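> Input: one structure, supplied below.
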Amino acid sequence: MPEGDDKLRRVCAHCRFVDYINPKIVAGSVVTKDRSILLCRRAIEPRKGYWTLPAGFMEEGETVEEAARREAREEACADIRIHQLLAVYSVPRIAQVQVMFRASLESDIAAGPESEEVGLFAWKDIPWSELAFPTVVWALTQYAGVRDQAAFPPFSNPPGTEKLTH
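Here our numbering is used: the first residue of the sequence shown is 124, the next is one more, and so on.
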C-alpha cells in the first residue's frame, strides 16, 4: 500500500511507481436528425439485441469528443456534429464514467460491425422496453427536457438511481 493511501495497490518494489487501476471512460451522444433520435441495436454483448445510443470506450490519444464521433462512425457509419455536453454519469459498479453529448447527424446511417441495425426513431417510437442500459434511458429522458434549449448545464446521475450504480 502506498504511503498515505487507504487502498491496496500494485507498487513497484524498485522505484515505488504506483499502478493505479482507474475507471474506464465511455463517450457517446444523443444524435438527432430533425426530431428523430439515432439508436443502434447491439450486435455484441453485453445486452446483444437491445437498442442503445452510439457510445463506447475512449481510446488512448483521443479526446472525449473524438471518441464520441468515432463511436458514431463505428456503430452507425454516421458523421455527427457535437453541439454540447449533455451529461456525465458515474457508474462505479462497473467502473465507468460515461460522458454523453448532444449531437446532430450529418450523413446517412448504416449498421457498423457492432450493430445489428440502426434507425432514426421519433420520440413516440423509441423502444423503451428494449433499451440496453439505464444510462441510455437517463440520457434520452434528460435530452427530452432540454432539446429545444440552446444551452443548459450538464446533467449527472438522476436522483434515486444509486441502486443501479453501486
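Glycine is no exception: its CB is placed at the ideal position from the N, C-alpha and C atoms.
Since the model is a prediction, treat every value here as computed from it, not as a measurement.
#1: Tell me the DSSP bridge mates of residue 160?
#2: Can you check DSSP and say which residues form a bridge with residue 212?
#3: Would you kindly check if the distance between the Cβ of residue 280 and the Cβ of residue 238 is under 9 Å?
#4: Do you know how far the Cα of residue 134 is from the Cα of residue 161?
#5: Is residue 238 helix, strand or coil when you go by DSSP?
#6: For residue 202, which residues from the same chain have a beta carbon less than 8 Å from its beta carbon, with the 5 sequence-adjacent residues on both sides left out?
#7: At which residues does the beta strand (DSSP E) containing residue 178 begin and terminate?
#8: Could you tell me how far apart the beta carbons of residue 222 and residue 150 are, in whole angstroms, since I believe they sit closer than 8 Å?
#9: I'd like the list of long-range same chain contacts for residue 219, defined as Cβ closer than 6 Å, with 5 residues on each side in sequence excluded.
#10: Which partner residues of residue 306 appear in the DSSP bridge assignment?
#11: Under a Cβ-count criterion, where at least 16 other Cβ atoms within 10 Å of its own Cβ denotes burial, should residue 140 be classed as buried or exposed?
#12: For residue 247 and residue 240, what's the separation of their Cα atoms in angstroms?
#13: For residue 258, name the three-state secondary structure that DSSP assigns.
#14: Given that a residue counts as buried once 16 or more other Cβ atoms are within 10 Å of its Cβ, and exposed if not, what is residue 163?
#15: May I ask you to check if the CB of residue 274 is nearer than 8 Å to at least one heavy atom of the ligand SAM?
#16: Would you please state the rounded distance, in angstroms, between the beta carbons of residue 177 and residue 154? I believe it to be under 8 Å.
#17: Quick one: does residue 285 have its CB under 9 Å from some CB of chain C?
Taking the structure as given:
#1: 155 and 244
#2: 221
#3: no
#4: 44 Å
#5: strand
#6: 192, 195, 196, 228, 229 and 230
#7: 178-180
#8: 5 Å
#9: 146, 147 and 149
#10: As shown, the chain starts at 124 and ends at 289. That puts residue 306 outside it, with no answer to give.
#11: exposed
#12: 19 Å
#13: helix
#14: buried
#15: The ligand SAM is absent from the structure shown, which contains no ligand whatsoever.
#16: 6 Å
#17: You won't find chain C in this structure, because it holds only one protein chain.
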